[in-house]
């Protein structure tokens with residue numbers, strides 16, 4: 001039986017999972033592939049810590065050149081993360097004629113144009129299924145299974161940390177800060193959680209989904225990004241009363257050639273399939289013109305789920321090698337000549353959706369009429385109003401929640417500015433959350 005050699009750079013959590021998968025499923029992989037995948041070399045700066053997995057006959061060193069200069073190694077798996085050394089090693093591997101598999105969404109969403117271009121010039125493959133949705137095969141589905149479709153929209157929960165926090169806040173009525181601390185203690189959130197809770201991780205993943213859906217490179221600056229740190233138990237309770245759940249969503253919609261690209265907290269009807277995605281799980285809802293609605297659900301992170309996706313990319317590349325080395329499908333699923341340099345991006349001010357607005361209102365009879373009056377002047381019609389809460393002293397404040405019909409975001413922002421400038425109406429900052437209807 002033929003053998004194909006692989007080199008692994010980065011022997012952390014996912015790297016350990018990959019070694020485990022390749023070892024434990026060696027026979028299954030060989031039977032499906034018709035060849036043996038051999039992990040020949042492993043590189044990590046830490047060569048002393050016991051990872052608890054058997055590396056078999058692999059050579060373990062701290063020098064990446066041991067892999068890059070080994071002519072027998074056909075595939076390099078990069079699992080060190082970041083955009084500095086990872087970029088350098090990825091480009092070196094490609095320049096040396098080696099295929100690359102990575103889970104590095106930050107690297108590809110930032111430098112994808114350069115890296116994918118380098119791979120195509122060398123007729124090599126970049127496998128990156130694990131970079132979005134962990135073990136969920138959503139990229140392969142976009143690249144191949146839905147290739148005959150015009151993608152109309154993508155709506156996804158693709159950060160497990162943020163989804164866990166929102167789920168726990170809803171279940172326990174706890175504050176964001178308290179649930180975040182618990183998530184850090186359980187290992188679901190990093191010591192510095194900014195990347196996850198402020199939407200940056202989700203934006204990186206959405207950039208890759210957009211490129212694959214619409215055949216164009218997109219800058220991260222084109223994706224509106226807003227996190228969940230301002231969401232309170234009060235908002236979750238009011239949303240529940242109105243029949244909604246709050247989720248951090250990645251949204252991309254093609255509207256007559258103009259793409260809406262955004263990451264933000266969103267109210268979803270409880271009946272929507274994504275509303276039932278809880279904890280650290282991920283799901284991506286994709287609508288195609290031919291296939292209709294599809295949803296991909298599963299573990300969006302974790303050692304074994306992510307390792308499963310990495311291993312699948314390795315096996316796909318091995319199939320290409322066995323068949324003669326021709327790259328069958330381009331990284332983003334579009335021919336190089338068809339890839340567009342830019343997309344036409346919809347301005348957030350032009351967005352038209354319903355809105356949840358929470359005012360911290362002074363407890364006076366005329367406040368509601370004045371607020372609704374200003375909203376009406378900006379053509380913002382009201383669907384529901386909830387005003388409740390205990391007032392501790394005369395002139396205290398109560399939360400006032402308004403759910404609007406579809407409104408233009410620029411008009412909403414202008415109306416909120418005007419309301420906040422009126423003395424005696426509000427006792428705190430106003431929060432609004434977009435509502436996803438589809």
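Numbering (the working numbering), first residue to last: 1 to 438. C-beta: ideal position from N, C-alpha, C; glycine also. Keep in mind it's a predicted model, so treat the numbers as computed, not measured.
Selection from the options that minimises the alpha carbon distance to residue i
{"i": "residue 278", "options": "290, 291, 247", "result": "247"}
{"i": "residue 69", "options": "97, 143, 194", "result": "97"}
{"i": "residue 139", "options": "297, 22, 24", "result": "297"}
{"i": "residue 82", "options": "385, 107, 289, 121", "result": "107"}
{"i": "residue 339", "options": "407, 117, 328, 183", "result": "117"}
{"i": "residue 11", "options": "24, 48, 3", "result": "48"}
{"i": "residue 78", "options": "411, 15, 214, 261", "result": "15"}
{"i": "residue 230", "options": "379, 162, 184", "result": "162"}
{"i": "residue 280", "options": "151, 186, 2", "result": "186"}
{"i": "residue 405", "options": "436, 426, 388, 53", "result": "436"}
{"i": "residue 155", "options": "387, 251, 350", "result": "251"}
{"i": "residue 238", "options": "326, 402, 57", "result": "402"}
{"i": "residue 206", "options": "408, 368, 286", "result": "286"}
{"i": "residue 269", "options": "249, 136, 242, 167", "result": "242"}
{"i": "residue 349", "options": "410, 234, 272", "result": "410"}
{"i": "residue 253", "options": "209, 290, 397", "result": "209"}
{"i": "residue 283", "options": "289, 272, 295", "result": "295"}
{"i": "residue 352", "options": "433, 164, 315, 191", "result": "433"}
{"i": "residue 358", "options": "181, 236, 146, 431", "result": "431"}
{"i": "residue 428", "options": "13, 271, 397, 303", "result": "397"}
{"i": "residue 36", "options": "383, 102, 314, 129", "result": "314"}
{"i": "residue 449", "options": "346, 92, 182, 113", "result": "Here the chain covers residues 1 to 438 and nothing more, so residue 449 does not appear."}
{"i": "residue 290", "options": "332, 233, 146, 264", "result": "146"}
Start and end residues, beta strand (DSSP E) containing residue i
{"i": "residue 115", "result": "Run containing residue 115: none in the beta strand (DSSP E); it sits in the alpha helix (DSSP H), 105-121."}
{"i": "residue 272", "result": "It is not in any beta strand (DSSP E) - residue 272 carries neither H nor E in the DSSP assignment."}
{"i": "residue 397", "result": "397-404"}
{"i": "residue 358", "result": "355-362"}
{"i": "residue 35", "result": "35-43"}
{"i": "residue 78", "result": "73-78"}
{"i": "residue 68", "result": "Here residue 68 belongs to no beta strand (DSSP E); instead the alpha helix (DSSP H) covers 65-68."}
{"i": "residue 5", "result": "2-9"}
{"i": "residue 101", "result": "99-102"}
{"i": "residue 61", "result": "59-61"}
{"i": "residue 53", "result": "Here residue 53 belongs to no beta strand (DSSP E), and DSSP marks it neither H nor E."}
Per-residue burial, residue i [other beta carbons within 10 Å of its own, 16 or more giving buried]
{"i": "residue 32", "result": "exposed"}
{"i": "residue 153", "result": "buried"}
{"i": "residue 390", "result": "With a pLDDT of only 47 at residue 390, under 50, the local geometry of the prediction cannot be trusted, and the value read off the model is given with reservation. The residue is exposed, with fewer than 16 neighbouring Cβ atoms inside 10 Å."}
{"i": "residue 189", "result": "buried"}
{"i": "residue 258", "result": "exposed"}
{"i": "residue 322", "result": "exposed"}
{"i": "residue 262", "result": "buried"}
{"i": "residue 131", "result": "buried"}
{"i": "residue 211", "result": "buried"}
{"i": "residue 442", "result": "Residue coverage of the chain in this structure runs from 1 to 438, which leaves residue 442 outside it and unanswerable."}
{"i": "residue 62", "result": "exposed"}
{"i": "residue 364", "result": "exposed"}
{"i": "residue 499", "result": "Since the first residue shown for the chain is 1 and the last is 438, residue 499 is missing from the structure and cannot be characterised."}
{"i": "residue 18", "result": "buried"}
{"i": "residue 385", "result": "exposed"}
{"i": "residue 221", "result": "exposed"}
{"i": "residue 415", "result": "buried"}
{"i": "residue 104", "result": "buried"}
{"i": "residue 109", "result": "buried"}
{"i": "residue 143", "result": "buried"}
{"i": "residue 168", "result": "buried"}
{"i": "residue 326", "result": "exposed"}
{"i": "residue 173", "result": "exposed"}
{"i": "residue 273", "result": "exposed"}
{"i": "residue 177", "result": "exposed"}
{"i": "residue 394", "result": "Low confidence applies here, because residue 394 scores a pLDDT of 45, under 50, leaving its location unreliable; read the following figure in that light. By the neighbour-count rule (16 or more Cβ atoms within 10 Å), residue 394 is not buried but exposed."}
{"i": "residue 324", "result": "exposed"}
{"i": "residue 84", "result": "exposed"}
Bounding residues of the alpha helix (DSSP H) (the contiguous stretch that carries residue i)
{"i": "residue 420", "result": "409-421"}
{"i": "residue 235", "result": "233-242"}
{"i": "residue 211", "result": "200-214"}
{"i": "residue 220", "result": "Premise fails: residue 220 is in no alpha helix (DSSP H) and is neither H nor E."}
{"i": "residue 95", "result": "85-95"}
{"i": "residue 436", "result": "No alpha helix (DSSP H) holds residue 436; the beta strand (DSSP E) holding it covers 431-436."}
{"i": "residue 426", "result": "No alpha helix (DSSP H) holds residue 426; DSSP gives it neither H nor E."}
{"i": "residue 24", "result": "13-24"}
Beta carbon proximity, residue i to chain D, threshold 7 Å
{"i": "residue 44", "result": "Reference to chain D is not applicable here, since this structure consists of a single protein chain."}
Q: Scan the segment 119-193 and note each continuous beta strand (DSSP E) run of 3 residues or more that stays entirely inside, going in chain order.
A: Listed in chain order, they are 151-157.
Q: With a floor of 3 residues, list each beta strand (DSSP E) that falls wholly inside the segment 264-307, ordered by position along the chain.
A: Secondary structure in the segment 264-307: the beta strand (DSSP E) runs of 3 residues or longer, each lying completely within the stretch, are 281-288, 292-299 in chain order.
Q: Decide if the segment 36-55 is in contact with the segment 4-14; the criterion is three or more beta carbon pairs, one per stretch, under 8 Å apart.
A: Yes, since at least three Cβ pairs between the segment 36-55 and the segment 4-14 fall closer than 8 Å, the two stretches touch.
Q: Pick out the complete alpha helix (DSSP H) segments inside the segment 314-384, 4 residues or longer, and give them in chain order.
A: 367-377, all fully within the segment 314-384.
Q) Below 8 Å, can you find three or more Cβ-Cβ pairs linking the segment 208-216 to the segment 326-341? A) Contact between the segment 208-216 and the segment 326-341 is present, because at least three Cβ pairs lie under 8 Å.
Q) Taking contact to mean at least 3 C-beta pairs separated by less than 8 Å, is the segment 415-429 in contact with the segment 361-379? A) Taking a contact to require three or more Cβ pairs closer than 8 Å, the segment 415-429 and the segment 361-379 qualify as touching.
Q: Would you check if the segment 198-209 and the segment 313-327 touch, i.e. whether three or more CB-CB distances between them fall below 8 Å?
A: Contact between the segment 313-327 and the segment 198-209 is absent, because fewer than three Cβ pairs lie under 8 Å.
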